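Numbering (the numbering used here), first residue to last: 110 to 303. Note that CB positions come from ideal geometry on N, CA and C, so glycine has one too. From a predicted model like this one, the values you see are computed outputs, not experimental measurements. All remarks here apply to the structure that follows.
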Amino acid sequence: MKSVCVYCGSSNGAKPLYAEAARAFGRALVEADLALVYGGGKVGLMGVIADTVMAEGGRAIGVIPELLVNKEVGHNGLTELHVVPDMHQRKKMMADLSDAFVAMPGGAGTLEELFEVFTWAQLGYHQKPVALLNIAGFYDPLIAMLQHTVDEGFMRQTYVDLLQIDADPTALIGKLQHYSPPSTDKWAIKRDAV
Ligand code: AMP
């Protein structure tokens with residue numbers, strides 16, 4: 110594993126602990142010799158983690174769409190900044206450049222990016238780990254919602270279990286490094302049922 114894609118808020122969140130955790134995660138990535146791949150902005154937790162990785166002597170690769178270069182303030186102090194035409198290209202490039210995906214706390218954009226790679230894993234488009242850095246229980250309501258989809262018969266437990274979850278950055282990186290993808294085929298159960 111050489112690089113980790115981190116999805117995170119373009120805001121700092123309501124409590125200082127979110128930015129503190131973003132700094133801790135940035136340091137843990139550098140310690141593990143992993144490059145950061147992220148949305149390329151300077152605002153919110155995105156900027157905090159990128160600044161930390163660069164300050165610690167690590168590698169940070171940003172991917173930002175033209176339209177957002179000014180809004181999210183494209184970071185000009187990164188190892189690499191790729192300016193791409195649109196959101197689809199952004200997500201594709203971030204995914205192609207990364208060996209694992211981690212969502213830190215964030216808003217709709219972060220959730221959208223998380224769910225895209227999570228569903229791609231479920232469908233077998235990639236075998237890379239997908240994880241939640243569950244800072245201060247931020248993702249507990251989402252984890253409960255996913256369990257509800259299993260309980261109500263809309264998702265298999267295997268796919269919830271695919272998500273790697275930890276509140277501690279170093280422990281989470283360890284889980285990413287030891288991840289092995291589930292061997293089950295999402296569609297087999299459906300084919301069997303018809
Ligand atoms: P947010 O979590 O809403 O603060 O957004 C975090 C990041 O997700 C920002 O860099 C947004 O530009 C990005 N984002 C928002 N919507 C999308 C989308 N549909 N596809 C890809 N990235 C998005």
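Contact between A130 and I244 holds, with the beta-carbon distance rounding to 4 Å and staying under 8 Å. Ligand 1 has no heavy atom closer than 7 Å to the beta-carbon of G283. Distances between the C-beta of M155 and the heavy atoms of ligand 1 include at least one below 7 Å. Around the C-beta of F227, 16 or more other C-beta atoms lie within 10 Å, and the residue is accordingly described as buried. For M163 and G171, the gap between their C-alpha atoms comes out near 12 Å. Counting the other CB atoms within 10 Å of its CB gives A253 a total below 16, which places it among the exposed residues. In this structure, R168 is the residue among R168, E221, G186 with its C-alpha nearest to the C-alpha of A141.
Look at the stretch 157-221 and you find these whole runs of alpha helix (DSSP H), each 4 residues long or longer: 177-180, 196-206. Secondary structure in the stretch 247-301: the alpha helix (DSSP H) runs of 4 residues or longer, each lying completely within the stretch, are 249-260, 266-271, 278-286 in chain order. Distance from the CA of C117 to the CA of L138, rounded to the nearest whole angstrom, comes to 15 Å.
The alpha-carbon of P290 is positioned some 6 Å away from that of Q236. Taken from the Cβ of G218, at least one heavy atom of ligand 1 lies inside 7 Å. Nearest C-alpha to A276 among E175, G122, V211, T219: V211.
Apart from the 5 residues on each side of it in sequence, A240 sits with its Cβ closer than 8 Å to the Cβ of A209, F210, V211, A212, L272, Q273, I274, D275, L281, K284, L285 in its chain, given in chain order. In the three-state scheme derived from DSSP, where H, G and I count as helix and E and B as strand, G153 is classed as helix.
A distance of 8 Å or more separates the beta carbons of S112 and G150. Following the DSSP letters along the chain, one finds L143 in no beta strand (DSSP E), marked with neither H nor E.
Contact between V146 and S207 is confirmed by a C-beta separation of about 5 Å, below the 8 Å threshold. With a 10 Å radius around the Cβ and a threshold of 16 neighbouring Cβ atoms, T258 comes out exposed. For A128 and G246, the gap between their C-alpha atoms comes out near 15 Å.
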